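Worksheet: the structure to be examined is printed underneath.
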Amino acid sequence: MNRMIIYKEWLKTRWALLGVVLTFAAVTFYCFLNLSKVVEIRGAELLWEALVEKDTVLTEILKYLPLAAGVILAACQFLPEVTHKRLKLTLHLPYSQGRMLLNIALYGLAALAVIFALQALVSALVLQQWVVWELVARILRTMAVWYLAGWAGYLFAAAVCLEPTWRMRAVLLVLAAGFVALLFKSEVPEAYNGFFPVLLLYVVLSVSLLYHGVARFKEGKQD
Amino acid sequence: MEEPVIVCENLTHYYGNRKIYENLSFEVAQGNIVGLLGKNGTGKTTTINILMGYLKPRGGSCRIFGEDVQHISPATRERIALLLEGHVQYSYMNIAQIEKFYSAFYPRWNRDAYYGLMEKLKVAPGQIISRMSNGQRSQVALGLILAQNADLLVLDDFSLGLDPGYRRLFCEYLRDYAKAEGKTVFLTSHIIQDLEKLVDEVIIMDYGSILVQEPAKTLMAKFPGETLEDIFIDLTGKY
Chain C
1218 MNRMIIYKEW LKTRWALLGV VLTFAAVTFY CFLNLSKVVE IRGAELLWEA LVEKDTVLTE
1278 ILKYLPLAAG VILAACQFLP EVTHKRLKLT LHLPYSQGRM LLNIALYGLA ALAVIFALQA
1338 LVSALVLQQW VVWELVARIL RTMAVWYLAG WAGYLFAAAV CLEPTWRMRA VLLVLAAGFV
1398 ALLFKSEVPE AYNGFFPVLL LYVVLSVSLL YHGVARFKEG KQD
Chain E
692 MEEPVIVCEN LTHYYGNRKI YENLSFEVAQ GNIVGLLGKN GTGKTTTINI LMGYLKPRGG
752 SCRIFGEDVQ HISPATRERI ALLLEGHVQY SYMNIAQIEK FYSAFYPRWN RDAYYGLMEK
812 LKVAPGQIIS RMSNGQRSQV ALGLILAQNA DLLVLDDFSL GLDPGYRRLF CEYLRDYAKA
872 EGKTVFLTSH IIQDLEKLVD EVIIMDYGSI LVQEPAKTLM AKFPGETLED IFIDLTGKY
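First to last, the sequence lines map onto chains C and E. All residue numbers for the first sequence refer to our numbering, where the first residue is 1218 and numbers rise by one. All residue numbers for the second sequence refer to our numbering, where the first residue is 692 and numbers rise by one.
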């Protein structure tokens, strides 16, 4: 049954996933192509100088990609479930409703994790040709917050989809906007290092919003 | 004595301040085909939603196979085939994908029942459900219900989208199937034609309450020469 739950999610998301992967590949390639030209013309020293002396990690062009990917993937997975109240079919399957919801969400979070990990790996491999590992790690730690925003965007978008009333959707959107804005507030590299675990905990806890939406759906809440 | 498959006691529900019904009680015995009939807006789908645990009633309770409908276990859900109003299905799947998906959840899955119906439809296994006609989609949904081989079939407005010929054929097929296999059927419909040949018992609802709940034959005997549709209109008034 678990295999079939994944199969259903795959059918819903395969084209969106392909689009996300291609976009990530294209934008990441563009980002490093630009940096390679700088290295070619003015030398890697310029990258060092920028990384050490300026508030940049040189990969800012990638900043909002994970968030967009999270929102798109959540929409692809959860909009078909709530359209025509199809969620009733899913909840009627002879399978624990709680585990079903968790498996669906884990599929999305895992798919995003794979894409983010691949991008981080490629970034590390390319960057280490030009700068020392300490600077590469600094860039990756900064990018980790962007990936966290991707997961948060996924979970909040899923919660908004599952919520049956517009009033509560508006509340969720405000919460989501506030949390995501917090993740993008600082332009300083590694600004979030100190409380990254707390932010991660918030993201993990936001899984409960999905259960809240389904519980309200089962109560028959509607506008 | 064996408990009826469905027991609803004193159901009361409101949408905001609008009363749908108050103290509605009914039972569905094992092996019976019961039709819940009523005009639009009388609470037929509301009742199905309550029965399937997708709506918490303001008052009263329902049990299916002895379990509170607010907490139906997966094992009991396996015994209930549900057809949603409008024959809603996972329409982004194709004929083969949806069969593959559902069959993994139901140990008594009858693949032949599903593909037999698909063969009659002349649809290819790779055909996407969303690209099919309304009638074809409804038959895919019905095929899946039959393949599930459940003990209780809950059909919400099953006749929607079916042409008259197929509707009659389906009613006959469903009755033969339910009687031969000892299935219990609880259905709602706003099209009364053909139902007199299908249902054992009718529940006719009007706004706020049940008007009639008795065996179809008893009801028909009270109105000699009239069809079930005529009786329905006599009881509920013309639209």
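Every residue, glycine too, gets a C-beta built ideally from N, C-alpha and C. Treat the numbers as computed from the prediction; the structure is a model and nothing was measured.
Checklist entry - What residues from chain E crowd round P1381(C), counting only those whose CB sits closer than 8 Å? => result Ordered by position in chain E, no residue passes the 8 Å Cβ test against P1381(C), which lies about 10 Å from the chain.
Checklist entry - With 7 Å set as the bound, which would you pick, yes or no: does the beta-carbon of H1309(C) sit closer than that to a beta-carbon of chain E? => result The beta-carbon of H1309(C) is placed less than 7 Å from the nearest beta-carbon of chain E.
Item to check | Contact set for L926(E): own chain, Cβ-Cβ below 8 Å, skip 5 residues either direction | outcome: Closer than 8 Å at the Cβ level, and outside the excluded window around L926(E), lie I895, D897, L902 and V903.
Item to check | Listed by chain order, chain C residues near M743(E) by CB distance under 9 Å | outcome: K1305, L1308 and H1309
Checklist entry - Who are the neighbours of D765(E) on chain C, taking C-beta pairs under 7 Å? => result Checking the displayed sequence, the identity of residue 765(E) turns out to be Pro instead of Asp. Ordered by position in chain C, the residues that pass the 7 Å Cβ test against P765(E) are P1311, Y1312 and S1313.
Checklist entry - In chain order, what residues of the same chain have a beta carbon less than 8 Å from the beta carbon of S705(E), not counting five sequence neighbours either side? => result The sequence given here has Tyr at residue 705(E), not Ser. Excluding the 5 residues flanking it on each side, Y705(E) has same chain C-beta neighbours closer than 8 Å at I711 and R749, in chain order.
Item to check | Selection from L1310(C), V1431(C) and L1326(C) that minimises the alpha carbon distance to V1420(C) | outcome: L1326(C)
Checklist entry - Ends of the beta strand (DSSP E) at Q884(E)? => result Unbroken run through Q884(E): none, as it is neither H nor E.
Item to check | Beta-bridge partners of I895(E), as assigned by DSSP | outcome: I895(E) is bridged to L728(E) and V903(E).
Item to check | Within 7 Å, strictly: CB atoms of L919(E) and L886(E) | outcome: With respect to the 7 Å criterion, L919(E) and L886(E) are classified as neighbours on the basis of their beta carbons.
Checklist entry - In chain order, what residues of the same chain lie with their CB nearer than 6 Å to the CB of E776(E), ignoring the 5 residues before and after it? => result T736, D847 and D848
Checklist entry - Between L1310(C) and F796(E), is the Cβ-Cβ spacing less than 7 Å? => result yes
Item to check | Beta-carbon proximity check, N714(E) vs N731(E), cutoff 7 Å | outcome: Contact: no.
Item to check | Cutoff 7 Å: K958(E) Cβ touching any chain C Cβ | outcome: Coverage of chain E is limited to positions 692 through 930, which leaves residue 958(E) absent and any answer about it impossible.
Checklist entry - Do you know how far the Cα of R1358(C) is from the Cα of S821(E)? => result About 44 Å.
Checklist entry - Alpha carbon to alpha carbon, how far is T1276(C) from G1395(C)? => result 24 Å
Next on the checklist: Between R768(E) and chain C, is any beta-carbon pair separated by less than 7 Å?
Outcome noted: yes
Checklist entry - So what does K913(E) bridge to, in DSSP terms? => result Answer by DSSP bridge pairing: none, since K913(E) is not bridged.
Next on the checklist: I want to verify the contact list: residues of chain C whose CB lies under 7 Å from the CB of Y805(E), in sequence order.
Outcome noted: None at all; the shortest Cβ gap to chain C is about 16 Å.
Next on the checklist: In whole angstroms, give me the CA-to-CA distance for Y930(E) and R1386(C).
Outcome noted: Any answer about Y930(E) is weak, because its pLDDT of 46 lies below 50 and its placement is not dependable; what the coordinates show is given next. Y930(E) and R1386(C): Cα-Cα distance of roughly 37 Å.
Checklist entry - What span of residues does the beta strand (DSSP E) with A772(E) cover, start to end? => result I771 to L774
Checklist entry - On the premise that L1290(C) lies in contact with V1164(C), defined as a C-beta separation below 8 Å, what is that separation, rounded to the nearest angstrom? => result The shown model of chain C, from 1218 to 1440, leaves out residue 1164(C), and the question about it has no answer.
Checklist entry - Just how far apart, CA to CA, sit W1383(C) and D867(E)? => result 45 Å
Item to check | Cβ of K1443(C) within 7 Å of any chain E Cβ | outcome: Limits of chain C in this structure are 1218 at one end and 1440 at the other, which puts residue 1443(C) out of reach.
Checklist entry - Are three or more beta carbon pairs between the stretch 1297 to 1316 of chain C and the stretch 1266 to 1275 of chain C nearer than 8 Å? => result Two segments are said to touch when three or more pairs of C-beta atoms, one from each, lie closer than 8 Å; by this definition the stretch 1297 to 1316 of chain C does not touch the stretch 1266 to 1275 of chain C.
Checklist entry - Is it true that the CB of R770(E) sits closer than 7 Å to the CB of A841(E)? => result Yes.
Checklist entry - Is Y783(E) helix, strand or coil when you go by DSSP? => result When secondary structure is reduced to three states using DSSP, Y783(E) falls in the coil class, being assigned neither helix nor strand.
Checklist entry - Is the beta carbon of V1349(C) less than 7 Å from the beta carbon of L1264(C)? => result no
Checklist entry - Which chain E residues are close to P1414(C), counting only those with a beta carbon under 7 Å from its beta carbon? => result Ordered by position in chain E, no residue passes the 7 Å Cβ test against P1414(C), which lies about 36 Å from the chain.
Checklist entry - Terminal residues of the continuous alpha helix (DSSP H) containing F1246(C)? => result Residues N1219 to R1259.
Next on the checklist: Across the stretch 1241 to 1257 of chain C and the stretch 815 to 835 of chain E, are there enough close Cβ pairs to call them in contact, namely three or more that are closer than 8 Å?
Outcome noted: no
Next on the checklist: List, in chain order, every chain E residue whose beta-carbon is nearer than 9 Å to that of M1218(C).
Outcome noted: A795 and F796
Item to check | Inter-residue spacing [alpha-carbon to alpha-carbon] between V725(E) and G1430(C) | outcome: Approximately 33 Å between the Cα atoms of the pair.
Item to check | Where T1273(C) falls: helix, strand or coil (DSSP) | outcome: coil
Checklist entry - With contact counted as at least three CB pairs below 8 Å, one residue from each stretch, are the stretch 1324 to 1344 of chain C and the stretch 1387 to 1406 of chain C in contact? => result no
Next on the checklist: Taking beta-carbon pairs under 7 Å, can you tell me which members of the stretch 1226 to 1258 of chain C lie near chain E?
Outcome noted: Residues of the stretch 1226 to 1258 of chain C whose Cβ lies closer than 7 Å to any Cβ of chain E, in chain order: L1228 and K1229.
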